[in-house]
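Asker: Handing you this structure, nothing more for now.
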Amino acid sequence: MKKFFLAAAVSILIPALAPAFDFELSIKDRISSLNLEASAPDGGTRVAAALAMELRIPEDLIIKHKARTGLSWGDLSVALYISNRTGKDVDIIVRDYKKGNAWGKVAKAYGIRTDDLLTTMGKAHAASQHGKGHGKHKDKGEGSGFKEKKEHGKGKGH
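Structure follows, in structure tokens:
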């Protein structure tokens with residue numbers, strides 16, 4: 011009888027937890043990809059520049075956060091994104107992560123949608139692969155940086 015209840019519980023929990031596992035695998039892939047990009051010659055500079063452009067944070071501040079937190083470029087990008095979206099101090103977010111919480115749990119605790127996090131990380135990675143925009147549209151103000159995707163029909167009861 012115990013085996014039956016265990017099997018029933020597992021069959022119910024596995025599908026319910028699958029999206030969380032998928033997210034953690036996806037975020038780890040994005041983090042690894044960004045870290046790989048940063049390991050190339052001048053990669054850290056390109057990643058810092060891409061994050062600065064996407065999040066509208068001064069590049070030198072990003073480099074200081076990197077040195078102070080000891081996070082990888084990929085992990086730092088997640089912390090900076092959450093900080094940027096919530097207005098919370100990046101050190102508080104890093105502390106939550108270093109307590110052993112996965113990024114998905116940290117993001118959710120701050121009200122960040124996991125698909126938004128993955129999308130932004132994808133943009134930062136793509137931007138870092140293309141350098142600093144080759145100088146063509148650098149610092150144009152409007153049109154640069156992260157733009158939140160507006161989706162209708164996904165709100166709560168509106």
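Each residue of the sequence shown is one higher than the one before, starting from 11 at the first, in our numbering.
Ideal Cβ positions, reconstructed from N, Cα and C, are used throughout, including at glycine.
All of these numbers come straight from a predicted model, not from anything done at the bench.
According to the neighbour-count rule (16 or more other Cβ atoms, all chains shown, within 10 Å of its Cβ), is R95 buried or exposed?
Answerer: So R95 counts as buried.
Asker: Using the Cα positions of G80 and D126, report the straight-line distance between them to the nearest angstrom.
Answerer: 25 Å
Asker: Assess contact between the segment 99 to 114 and the segment 59 to 66, defined as three or more Cβ pairs (one per stretch) separated by less than 8 Å. Is contact present?
Answerer: Fewer than three Cβ pairs drawn from the segment 99 to 114 and the segment 59 to 66 lie within less than 8 Å of each other, which leaves the two stretches out of contact.
Asker: Let me make sure I understand the geometry here. Which of G53, D101, A48 and S43 has the alpha-carbon closest to that of L71?
Answerer: D101
Asker: Leaving aside the five residues before and after K118 along the sequence, list all residues of the same chain whose C-beta is less than 8 Å from its C-beta, in chain order.
Answerer: Excluding positions up to five away in sequence, the list reads T124.
Asker: Taking 7 Å as the cut-off, decide whether the C-beta atoms of E69 and A59 are in contact.
Answerer: yes
Asker: With distances taken between CB atoms, is the gap from G84 to I41 smaller than 7 Å?
Answerer: yes
Asker: Within a Cβ cutoff of 8 Å, which residues of the same chain sit near L90, ignoring the five residues on either side of it in sequence?
Answerer: L61, L65, I67, I72, H75 and V100
Asker: By the 10 Å Cβ neighbour count, where 16 or more other Cβ atoms means buried, how is S49 classified, buried or exposed?
Answerer: exposed
Asker: Helix, strand or coil: how does DSSP classify A112 here?
Answerer: coil
Asker: How many Å lie between T129 and V88 at the Cα?
Answerer: 11 Å
Asker: Could you tell me which whole alpha helix (DSSP H) segments of length 4 or greater appear in the segment 54 to 130?
Answerer: 69 to 79, 83 to 96, 100 to 108 and 113 to 119
Asker: Alpha carbon to alpha carbon, how far is V56 from L44?
Answerer: Just to set this straight, residue 56 is Arg in the shown sequence, not Val. In a straight line, the C-alpha of R56 is about 10 Å away from that of L44.
Asker: In whole angstroms, what separates the C-alpha of Y120 from that of D52?
Answerer: 32 Å
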